[in-house]
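Engineer: After the structure tokens below, expect a handful of questions from me.
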Amino acid sequence: MLTTYRKAINEALAEEILRDENVVIIGEEVAQYNGAYKVTEGLWERFGDKRVVDAPISEAGFIGMGIGASMLGIRPVMELMFWSFAYVAWDQIINNAGQCRYMSGGLLNCPIVIRGPANGGTNVGATHSHTPENFIANTPGLKVVCPATAYDAKGLMKMAIRDNDPVCVMENTLLYGESWEVPEEEYVIPLGVADIKREGKDVTLIAHGRAVLTALKAAEILEAEHGIYAEVLDLRSIRPLDEEAILRSVAKTHRAVLVDENKPFCGVSAQIAATIQEKIFDELDAPVQRVNSLDAPAIYSPALERIQLPTPERVIQKVLDIC
Amino acid sequence: MLTTYRKAINEALAEEILRDENVVIIGEEVAQYNGAYKVTEGLWERFGDKRVVDAPISEAGFIGMGIGASMLGIRPVMELMFWSFAYVAWDQIINNAGQCRYMSGGLLNCPIVIRGPANGGTNVGATHSHTPENFIANTPGLKVVCPATAYDAKGLMKMAIRDNDPVCVMENTLLYGESWEVPEEEYVIPLGVADIKREGKDVTLIAHGRAVLTALKAAEILEAEHGIYAEVLDLRSIRPLDEEAILRSVAKTHRAVLVDENKPFCGVSAQIAATIQEKIFDELDAPVQRVNSLDAPAIYSPALERIQLPTPERVIQKVLDIC
Amino acid sequence: MTATQEKPVVEAADFAKAAINAKLTKKEKIRFLREMFRIRRFEQTALKYYQAGGSMGGFLHLYIGQEAVAVGTVSLMGKNDHVITAYRDHGHALAVGMGMNECMAELFGKATGCSKGKGGSMHFFAPDKNYWGGHGIVAGQTPLGLGLAYALKYKGLKGCCMCFLGDGAVNQGVYHESLNLAALWKLPVIYIIENNQYSMGTSLERSSAVKNSLAERAEGYGIAWDIANGEDLYEVRAKTWNAIRRAHDESLPTVLEVDTYRYYGHSVADANAKKYRSADEIERYKTDHDPLRLWQDLLIAEGVLTAEAADQLDAEVKEEAAAAGQFAIDSEQPLPQSIFEDVYWEVDNKTDAGQTGRHFFGE
Amino acid sequence: MTATQEKPVVEAADFAKAAINAKLTKKEKIRFLREMFRIRRFEQTALKYYQAGGSMGGFLHLYIGQEAVAVGTVSLMGKNDHVITAYRDHGHALAVGMGMNECMAELFGKATGCSKGKGGSMHFFAPDKNYWGGHGIVAGQTPLGLGLAYALKYKGLKGCCMCFLGDGAVNQGVYHESLNLAALWKLPVIYIIENNQYSMGTSLERSSAVKNSLAERAEGYGIAWDIANGEDLYEVRAKTWNAIRRAHDESLPTVLEVDTYRYYGHSVADANAKKYRSADEIERYKTDHDPLRLWQDLLIAEGVLTAEAADQLDAEVKEEAAAAGQFAIDSEQPLPQSIFEDVYWEVDNKTDAGQTGRHFFGE
Ligand SMILES: Cc1ncc(C[n+]2csc(CCOP(=O)(O)OP(=O)(O)O)c2C)c(N)n1
Ligand SMILES: Cc1ncc(C[n+]2csc(CCOP(=O)(O)OP(=O)(O)O)c2C)c(N)n1
Ligand SMILES: [Mg+2]
Ligand SMILES: [Mg+2]
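Residue numbers (the working numbering), protein chains in the order written: chain A, 129 to 451; chain B, 129 to 451; chain C, 23 to 385; chain D, 23 to 385.
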């Protein structure tokens, strides 16, 4: 059934609340307001005060609280209205969610999910457009997934909630309203499994999150206008990472262009490019190319932010450079 | 004259306090206590309460305060006892120091320096051993330098204080007590200029911070025991980055091994490797190799943390793999 | 409970007699009315364009209903007094004297905007008018305001920083860190809590545990605090003036909580604007507590101006707002290369530092 | 000013009569003495090895002088009461019943350590004893403690979390965010401020602006608070018990400030330990305010035990500590591959999730 990305996540949350009495949704405006982006719509009415909780504007406090509660077996699903706001809770996320299991020699674990949108493109300015998946993935102890479709969002969200380690789910406000096929019956998608969103033979476009759609659009045009068959690989999960799938596809096409809404310096695509050249250097017929957000803070101007994010045009240009 | 890394920074601070009445040192224990690592030793006695200020344990508060003061022309040099503590002030550093100039269309600038040690290796555990130079360098609007010697530390610190943009200086507690030649006469080192610490022809070892010493040790052994002449390039500054120097050296040696105390995923070495293969692919006789800290939270155990950080042995192995 | 229920009921008249108000000229009183009209008409015009679609993106947080707070407090600013606020920043921006043109153009993301189209609604800046923005992260501006006060004291200037925040922002830890630092170091900062009783859809009761008021938390730091009725310009000025004198004369901080109300949703995107508040509540504020109407009636009663003169003034302001809309429409879009400008001062100023090493990556 | 100067002077005797103390058996009173001796002798032994060099790295923050706080508060713990603290954590760890062996081995970074040598001095954990560490980031544990209380309430268990923090930690914003959440959501958390008057080399006066005390800041959130004399085990127990009852019976938070003193430097690395405090001050505390001596004398006066019995007890504890040192020395170093263990639960437990995709990078 055609379902929006928003609704798919909403269903995942509802199903997991029903499945496990320890799952609780906590965040700003998630309950009575139905969520700033309506992702939690109807959950408070349906499940009540205990399972869906409105929090004050204290991200460090309530995320830290969720981490502490998770040590005692609660499975909090924390909403960040924007992932950008994680920066006021950064120490709690990196050190308490990420390091406590290790520092205790494995005596505890933190089955917490921290979710919310992390994207540019809606002209909300530099402070609201951060995409910290590269920061999170840099941190052993944490996991991070970036679903690109409604189907993936639902399956990965359910898996993230069942995972016994801290998982960061990075969504996208530009995708909430988009629809994809989502089956009636229950399903989950394991973390760490990439997905070939389009088969191809000439070049591999590797992306995550909304950049996957940019890559797919570029692939269409490449085939129609240039007769180039691009394979589009959706990482889905950044850590754990499906390195095998990456290497398998590039070993087949011998060319790779990475599409990544991260800023370039040490963005996720830097890690993928470094890995490809290190592990299958001899398979490469051309250097791995990267298409990232233009390297400046997110600009407000609607006319310009559009071109600051990766565009199909820029992806196509990179492909033509190496094909 | 032989001077410790600690003393070199201390001199840089003293000289800049004397040069510019707007330079003020602020941080925990920097004044009456002389600094947790004695970097500010004697400054409070010499310059008094106005120029050297002890702060409560409120990093977000006092670093944000320094950023605000810098907008009015004060040039605060903020000490973080450990760079790891930046995570409780992360929003202030990334958003207020990093984005305000842009969001104001250039109407303001933040001439602030944030400095302190960022390193593992002293068994202080996972929460105290973060190396966020990759996070900072990912953020347009911020600058970051990682001096490896006393000479570089002094010259870069003075330049950072005179720079009109926010500069993060990442030091190393393992280097504070080490000595290098430092001239009597005043000098500064521009940001964005790498330094060849050892000439070579067979392979380029690229590093920053203490990893430069690891690379130099490896280079010695490679020459002595394997007849391999490794060039050691010290990045010194991560953003701005001396890309030309990197490409020039690798174009000469045709091989590169990156030595980097960052965790591997999206560490600085990922960016450098991606850049090298992208820009001088045809010059490479072998894939770019990376040696990072072993990918787990910093372990306490003195016996094991030693091997968690890059070692000359691991660098040598990588070099032998490709030479 | 909201602070309102706690504070002693006082006659506006008392505050009219306060020295700082008693000496006001007719001209000044009329200017305050004009400033409040400017804020309201500017935002109503912006709202019209926002709803029409196509010209603006992102958020638009309207200040309408709270005008007396910005106009009253800013009216007391001297040469070395500074202002910084959050994302609901149009009122303060216009009050410090920014032109409607550059403000409207900023909303349109145009090159002629006060921030060259880079900041948008949440990020108006005018350092030349001692106005430091415009900040999107809740309470993120509270240590910046402290820093502006620190700089003034460091330079030996007799001034202060008025740092505005919302009733929901008081629960960000950095605000408390700032309070401790302000008291410990005796910094001339005034935290003005614009208590409009809601943080997005959450009422104060549901977000803050208090003894009697939000301002009272200052007590724990030994900081002076007060509560003001934000619908009365005289009261806002009188109580703000006490804080400014404390800052100027004793270099001491103050927390001033001002009760006010926003008529529109949290932002224009707020779909529930009328769900978490009763229509009656909103109506009651508009009819009985509107700061513009109250001030206008007061001036007419004082014989400062006639109803006709007031309408005339409003008409002028409406024209100014309409013209600003046209200015924004006619303005150029910023150029693509401007994306890389205003990131680094050294690069923008083509200094050696700005030209040494690579500053930007990727394309 | 320090809270000490403010708090009403009370007779220790009063607290001895408090119900919670009156019902103490001789055996229990002697156990408290033993627990305090265990902390002191354990740390003195650790210090000896640290100073000898070669066996330990990193920091070593000694609790000596503050023993009555950990022992007194922990002595009141029931089945569903939990504890979490900062990096000065040896006292609480031993008080909850952790063995000296695994604690000493942790300091040596050995595989037999309570955290397998991965956490070190600052990170002792024993979840099986309701002890959640051991946290290195100042105040970072304050929202975790809140979360433990949240979990208890969520599960409908009658319990509480005692969350310890220092006098310097109160100036971290997250502590204030936690106070607001605790009051707003009525969570059974007890914040116990161990006020030893210094944060590293900074006296309370130089770090915190207060009205009368640090605990009093709780007032602004409508949270109950109290101040206790940490040298008196009876008083610590009596006032902690009030807080525990408030948590158990009303599910309400408390802030309890306990005046105490550390004899050694901030950490063993504290070169200035005697610079920022006068030798007299330190001496005065050791001679007139030592919680161990005071408790021992009290028990002797009460006829609970003889001086000889006390010495005998101390001798036993010294042996226990010496044996722990030997245990640590004899223990194996952790294996290199253990670096990659205890990072992810799913990997450690070899689940499908733990074996899907790559979890570790680089070599
Ligand atoms: C750290 C952070 N968390 C959440 C948000 C999202 N947000 C923006 S405004 C707002 C409500 C603030 O309410 P209040 O402080 O009362 O100010 P008002 O909007 O009423 O003027 C929230 C939750 C944010 N911008 N920053
Ligand atoms: C966020 C943060 N800032 C600074 C430090 C360094 N530091 C460790 S302990 C300490 C002093 C804390 O004093 P207090 O809270 O009084 O606890 P005490 O050491 O007296 O037990 C400081 C500054 C830290 N660990 N974390
Ligand atoms: Mg509000
Ligand atoms: Mg202390």
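Glycine is no exception: its CB is placed at the ideal position from the N, C-alpha and C atoms.
Find out if the Cβ-Cβ distance for the pair V258 (chain D), L84 (chain D) is shorter than 9 angstroms.
Structural biologist: Locating residue 258 (chain D) in the fourth sequence gives position 236, where the first residue counts as 1. Locating residue 84 (chain D) in the fourth sequence gives position 62, where the first residue counts as 1. Taking 9 angstroms as the Cβ cut-off, V258 (chain D) and L84 (chain D) do not qualify as a contacting pair.
Engineer: If I measure Cβ to Cβ from A38 (chain C) and keep anything under 7 angstroms in the same chain, skipping five residues before and after, which residues do I get?
Structural biologist: The sequence position of residue 38 (chain C) within the third sequence is 16, counting from 1. Contacts found: Y256.
Engineer: Which residue marks the beginning of the beta strand (DSSP E) containing S365 (chain A), and which one marks its end?
Structural biologist: To locate residue 365 (chain A), count along the first sequence from 1; it is residue 237. It spans 365 to 367 - the beta strand (DSSP E) in which S365 (chain A) sits, taken as one unbroken run.
Engineer: Counting only the same chain and skipping the five closest in sequence on each side, list residues whose C-beta sits under 7 angstroms from that of A205 (chain C).
Structural biologist: Counting from one through the third sequence, the residue named residue 205 (chain C) turns up at place 183. So the qualifying residues of the chain are Y243, G244, I245, P275.
Engineer: Alpha carbon to alpha carbon, how far is I42 (chain D) from Q73 (chain D)?
Structural biologist: As a position in the fourth sequence, residue 42 (chain D) is number 20, starting the count at 1. As a position in the fourth sequence, residue 73 (chain D) is number 51, starting the count at 1. Rounded to the nearest angstrom, the two C-alpha atoms are 41 angstroms apart.
Engineer: Heavy atom of ligand 1 less than 8 angstroms from the Cβ of Y220 (chain C), yes or no?
Structural biologist: The residue labelled residue 220 (chain C) in the question sits at position 198 within the third sequence. Yes - ligand 1 has a heavy atom lying nearer than 8 angstroms to the Cβ of Y220 (chain C).
Engineer: On a Cα-Cα basis, can you pick out the residue from C:K70, C:E303, C:C125, C:G139 that is closest to I360 (chain C)?
Structural biologist: Here residue 360 (chain C) corresponds to residue number 338 of the third sequence, with the count starting at 1. The sequence given here places Ser at residue 360 (chain C); Ile does not occur at that position. Checking every option, the nearest Cα to that of S360 (chain C) belongs to C:G139.
Engineer: For chain B, is any of its Cβ atoms less than 9 angstroms away from the one on D292 (chain C)?
Structural biologist: Position 270 of the third sequence, counted from the start, is the residue given in the question as residue 292 (chain C). For D292 (chain C), the answer is no, since every Cβ of chain B falls outside 9 angstroms of its Cβ.
Engineer: Would you kindly work out how many angstroms separate the C-alpha atoms of G195 (chain C) and H114 (chain D), rounded to a whole number?
Structural biologist: Locating residue 195 (chain C) in the third sequence gives position 173, where the first residue counts as 1. Locating residue 114 (chain D) in the fourth sequence gives position 92, where the first residue counts as 1. Cα-Cα distance, rounded: 27 angstroms.
Engineer: Does the stretch 98 to 110 of chain C come into contact with the stretch 206 to 223 of chain B, if we say contact requires no fewer than three beta-carbon pairs (one atom in each stretch) closer than 8 angstroms?
Structural biologist: The answer is no - the stretch 206 to 223 of chain B does not touch the stretch 98 to 110 of chain C, with fewer than three Cβ pairs under 8 angstroms.
Engineer: For V32 (chain C), collect the residues of the same chain with a Cβ closer than 6 angstroms to its Cβ; drop the 5 residues on either side in sequence, then sort them by chain order.
Structural biologist: Position 10 of the third sequence holds residue 32 (chain C). Because the pLDDT of V32 (chain C) is 48, which lies under 50, any placement of that residue in the model is unreliable, and the question is left without a value.
Engineer: Compare the C-beta of V216 (chain A) against all C-beta atoms of chain C and say whether one is closer than 9 angstroms.
Structural biologist: Residue mapping note: residue 216 (chain A) aligns to position 88 of the first sequence, counting from 1. By this cut-off, V216 (chain A) is an interface position.
Engineer: Could you check if N371 (chain C) is buried or exposed, using at least 16 other CB atoms within 10 Å of its CB as the buried criterion?
Structural biologist: In the third sequence, the residue the question calls residue 371 (chain C) occupies position 349. Its Cβ having fewer than 16 others within 10 Å, N371 (chain C) is exposed.
Engineer: Does the Cβ-Cβ distance between N292 (chain B) and W367 (chain C) come in under 9 angstroms?
Structural biologist: The sequence position of residue 292 (chain B) within the second sequence is 164, counting from 1. The sequence position of residue 367 (chain C) within the third sequence is 345, counting from 1. The answer is yes: Cβ separation under 9 angstroms.
Engineer: Using 8 angstroms for Cβ pairs, my map puts T224 (chain D) next to G190 (chain D). What's the rounded Cβ distance?
Structural biologist: Counted from its first residue, the fourth sequence places residue 224 (chain D) at position 202. Counted from its first residue, the fourth sequence places residue 190 (chain D) at position 168. With 8 angstroms as the limit, T224 (chain D) and G190 (chain D) qualify as a contact, their Cβ atoms being about 7 angstroms apart.
Engineer: Applying the criterion that 16 or more other CB atoms from any shown protein chain within 10 Å of the CB defines a buried residue, is Y315 (chain A) buried or exposed?
Structural biologist: Walking along the first sequence from the start, residue 315 (chain A) turns up at place 187. Exposed is the call here.
Engineer: Looking at the C-beta of V321 (chain A), does it have a partner C-beta in chain B at a distance below 9 angstroms?
Structural biologist: One-based indexing of the first sequence puts residue 321 (chain A) at position 193. Chain B contact via Cβ: absent.
Engineer: So which residues on chain A does Y230 (chain B) lean against when the C-beta distance must stay under 8 angstroms?
Structural biologist: On the second sequence, residue 230 (chain B) is found 102 positions in, with the first residue counted as 1. Residues of chain A passing the Cβ test: A254, A424, P425, I427.
Engineer: For the 8 angstroms Cβ check, are there 3 or more pairs between the stretch 180 to 188 of chain B and the stretch 255 to 270 of chain B?
Structural biologist: No, because fewer than three Cβ pairs between the stretch 180 to 188 of chain B and the stretch 255 to 270 of chain B fall closer than 8 angstroms, the two stretches do not touch.
Engineer: Any heavy atom of ligand 2 closer than 8 angstroms to the Cβ of V280 (chain D)?
Structural biologist: Within the fourth sequence, the letter at position 258 stands for residue 280 (chain D). Not so, every heavy atom of ligand 2 lies at least 8 angstroms from the Cβ.
Engineer: Answer with yes or no whether the minimum CB distance from I42 (chain D) to chain B is below 9 angstroms.
Structural biologist: Position 20 of the fourth sequence, counted from the first residue, corresponds to residue 42 (chain D). Answer no: the Cβ-Cβ gap between I42 (chain D) and chain B never drops below 9 angstroms.
Engineer: Any C-beta of chain A sitting closer than 9 angstroms to the C-beta of D219 (chain B)?
Structural biologist: Indexing the second sequence from 1 puts residue 219 (chain B) at position 91. Chain A, which has a Cβ nearer than 9 angstroms to the Cβ of D219 (chain B), makes this yes.
Engineer: Do the CB positions of Y172 (chain C) and W207 (chain C) come within less than 9 angstroms of each other?
Structural biologist: Along the third sequence, read from residue 1 onward, the residue named residue 172 (chain C) stands at position 150. Along the third sequence, read from residue 1 onward, the residue named residue 207 (chain C) stands at position 185. Result yes, Cβ atoms of Y172 (chain C) and W207 (chain C) sit closer than 9 angstroms.
Engineer: Kindly give me the distance between the Cβ atoms of G248 (chain B) and G142 (chain D), rounded to whole angstroms, as I take these residues to be in contact under 8 angstroms.
Structural biologist: Position 120 of the second sequence holds residue 248 (chain B). Position 120 of the fourth sequence holds residue 142 (chain D). The pair is not a contact, with the Cβ atoms about 13 angstroms apart (cut-off 8 angstroms).
Engineer: State the Cα-Cα distance for the pair M285 (chain A) and R367 (chain A), rounded to the nearest angstrom.
Structural biologist: In the first sequence, residue 285 (chain A) corresponds to position 157, counting from 1. In the first sequence, residue 367 (chain A) corresponds to position 239, counting from 1. Their backbone Cα atoms lie some 14 angstroms apart in a straight line.
Engineer: Which runs of the alpha helix (DSSP H), 4 residues or longer, sit entirely within the stretch 232 to 290 of chain C?
Structural biologist: Runs of the alpha helix (DSSP H) inside the stretch 232 to 290 of chain C: 255 to 272.
Engineer: Taking just the CA atoms, how far does R203 (chain B) sit from Y230 (chain B)?
Structural biologist: Translated into positions along the second sequence, residue 230 (chain B) becomes position 102. Translated into positions along the second sequence, residue 203 (chain B) becomes position 75. Those two C-alpha atoms are separated by around 19 angstroms.
Engineer: Roughly how many angstroms lie between the CA atoms of D302 (chain D) and D310 (chain D), to the nearest whole one?
Structural biologist: Numbered from 1 along the fourth sequence, position 280 holds the residue referred to as residue 302 (chain D). Numbered from 1 along the fourth sequence, position 288 holds the residue referred to as residue 310 (chain D). Cα to Cα, the separation comes out at about 11 angstroms.
Engineer: Using a threshold of 9 angstroms, state whether the C-beta atoms of G379 (chain C) and E406 (chain B) are closer than that.
Structural biologist: Taking the first residue of the third sequence as position 1, residue 379 (chain C) is located at position 357. Taking the first residue of the second sequence as position 1, residue 406 (chain B) is located at position 278. Not in contact: G379 (chain C) and E406 (chain B) (Cβ atoms no closer than 9 angstroms).
Engineer: Tell me whether T95 (chain D) sits in a helix, a strand or coil according to DSSP, three-state version.
Structural biologist: Taking the fourth sequence and counting its residues from 1, the one referred to as residue 95 (chain D) is at position 73. Helix, per DSSP.
Engineer: At what residues does the beta strand (DSSP E) containing P204 (chain A) begin and finish?
Structural biologist: Taking the first residue of the first sequence as 1, we reach residue 204 (chain A) at position 76. First-last of the beta strand (DSSP E) with P204 (chain A): 203 to 207.
Engineer: Shorter than 9 angstroms from the beta carbon of T24 (chain D) to some beta carbon of chain B?
Structural biologist: As a first step, residue 24 (chain D) must be located in the fourth sequence, where it is residue number 2. Residue placement at T24 (chain D) is poorly supported in this model, since its pLDDT is 34, which falls under 50; the coordinates still yield a value, given next. Closer than 9 angstroms: no.
Engineer: Quick check for students: name the residue ranges of the alpha helix (DSSP H) that lie wholly in the stretch 152 to 238 of chain C, counting only runs of 4 or more.
Structural biologist: Entirely contained in the stretch 152 to 238 of chain C, the alpha helix (DSSP H) runs reaching 4 residues are, in chain order, 163 to 176, 195 to 206, 226 to 229.
Engineer: Should T378 (chain D) be flagged as near chain B, meaning a C-beta pair shorter than 9 angstroms?
Structural biologist: Indexing the fourth sequence from 1 puts residue 378 (chain D) at position 356. It does not; no Cβ of chain B falls within 9 angstroms.
Engineer: Within 10 angstroms of the Cβ of M287 (chain A), are there 16 or more other Cβ atoms? Answer buried if so, exposed if not.
Structural biologist: Residue 287 (chain A) sits at position 159 when you count from the first residue of the first sequence. M287 (chain A) should be labelled buried.
Engineer: Is it buried or exposed for P311 (chain B), if we count other Cβ within 10 angstroms and need 16 for buried?
Structural biologist: The residue you call residue 311 (chain B) lines up with position 183 of the second sequence. The residue in question, P311 (chain B), is exposed, as its Cβ has fewer than 16 Cβ neighbours within 10 Å.
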